[in-house]
Amino acid sequence: MKRLFAQRMPAFGGLPTGGHAAAADAAVSAGTAPTSYVTVEGDRIACRKIGQGPTIILANRLRGTLDTWDPLFLDGLASRYTVVTVDYPGIGYSTGKLPDSMASASKFIDEFANAIEADRFVILGWSWGGLVAQTYLLDHAQRVTQAILIGTNPPGHNEIPLQQVFLDRAFKPVNDLADEEVLFFEPASQASRAEAKASHERIYARADVTSRIPSRPDELAPYFTAAEGFHKDEEHRRDRMGQVNVPILVIAGDHDTSTAGQNWFPLIGKMRQAQFIFFSEAGHAPQHQHPELISDYIHDFLVRTSRDGER
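Just so we're aligned: 185 in the numbering used here is position 14 of the sequence shown, and the numbers increase by one with no gaps anywhere.
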């Protein structure tokens, strides 16, 4: 199959280059990928790269770090794409301060893309990262080939609010498996709980995951300030989402206690190139419950909506 588009991100941060780069990158999995660093506005920004092919940059959730993506999901994407995960400034392995507005978070993504020499790319955002991805899409549509939005909400006012059951567990210093079942899965479903356990074990196969997860009030406050502004929507992003002419894939679970997927329903008839996938008996992290299936869905979407070159 021919490449989806011309731009490919070169190796960075000490990862292999030259004639053996493809073989070396192919041997790196999400669970073993080393952490590399680039400089963005004076901050030392941590990132990881796996796979070969068109570039996907992933914007993470509230409190998410490089370590908290399900490695099976990342490996599924990396079988066909260059997958780049990144820690926001001041989060995880990165220095600096987390942006407290979506405009600043979007600017960070743009400068990070410059730092890793990614010209045009797919932006994938999960949860809070989905707000970042939407803002980036609206601010820099010329650089985005397609957008993937997982477990997130559109801009502006949404009818179904974040639920108390999510808040009761989301800000514990460390979340155990029982918390994750409520936060990211459907605890009433035996099948979903089984996938929660499997995903938890995959994520925590990497050592020392919890030490990098932000938990102090000063670390968390910018998340809320930025999200509040996104939903206040003085920039009219909700209306602009109906005008943007970039293919968008929205993936949601039917029992998301944080960002209810049903909040997208009023926009379905207004968006130009959007597709929607809803999973039953799933929660805020459908890509962790169905990592291989969703990576396949994403690939199919990217192939069928590519406009940057021959397939």
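A virtual CB, placed ideally from N, CA and C, is assigned to each residue, including glycine.
In DSSP terms, what residue i is bridged to
i: Asp214; result: Val211
i: Phe292; result: Val315
i: Trp297; result: Ile321
i: Lys220; result: Val255
Minimum C-alpha distance to residue i - residue among the options
i: Tyr236; options: Gly432, Arg377, Ile448, Lys403; result: Note that residue 236 corresponds to Thr in the displayed sequence, not to Tyr. Per the Cα distances, Arg377.
i: Arg443; options: His461, His470, Tyr468, Asp410; result: Asp410
i: Pro242; options: Ile469, Gln317, Val199, Ser382; result: Val199
i: Ile280; options: Lys403, Asp339, Val303; result: Val303
i: Ile287; options: Ser298, Val254, Leu309; result: Val254
i: Gln317; options: Gly327, Gly267, Arg291, Ala367; result: Arg291
i: Lys368; options: Ser386, Ala349, Ser382; result: Ala349
Cα-Cα separation between residue i and residue j, rounded to whole angstroms
i: Glu372; j: Asp347; result: 11 Å
i: Asn324; j: Ile228; result: 19 Å
i: Gly424; j: Trp240; result: 17 Å
i: Asn285; j: Val315; result: 13 Å
i: Glu399; j: Asn329; result: 12 Å
i: Thr203; j: Leu248; result: 15 Å
i: Ser250; j: Asp271; result: 34 Å
i: Gln460; j: Met273; result: 28 Å
i: Pro344; j: Ser275; result: 26 Å
Own chain, CB closer than 7 Å to residue i, minus 5 neighbours either side, in chain order
i: Val336; result: Val353, Thr428
i: Glu282; result: Val211, Glu212
i: Ala362; result: Glu452
Burial state of residue i (16 or more Cβ within 10 Å)
i: Thr455; result: Going by the sequence as given, residue 455 is His instead of Thr. By the 10 Å Cβ count, His455 comes out buried.
i: Lys441; result: exposed
i: Phe450; result: buried
i: Lys173; result: Confidence at Lys173 is low in this model, with a pLDDT of 33, below 50, so its placement is unreliable and the value that follows should be read with caution. By the 10 Å Cβ count, Lys173 comes out exposed.
i: Glu463; result: exposed
i: His426; result: buried
i: Gln305; result: buried
i: Leu338; result: exposed
Contact set for residue i: own chain, Cβ-Cβ below 8 Å, skip 5 residues either direction
i: Ala217; result: Thr206, Ser207, Tyr208, Leu237, Val257, Asp258, Gly263, Tyr264, Ser265
i: Ile413; result: Note on identity: in this sequence residue 413 is Gly, with Ile being the wrong assignment. Around Gly413: Leu438, Lys441, Met442, Arg443.
i: Tyr468; result: Leu420, Ile422, Ile448
Beta-carbon contacts of residue i that lie in its chain and below 6 Å, excluding the five residues immediately before and after
i: Gln458; result: Phe244, Ile321, Ile465
i: Phe342; result: none
i: Tyr307; result: Ser277, Ile280, Ile294
Closer than 6 Å: residue i CB and nearest the ligand ADP heavy atom
i: Ala365; result: The model on display carries no ligand, and the ligand ADP is accordingly not part of it.
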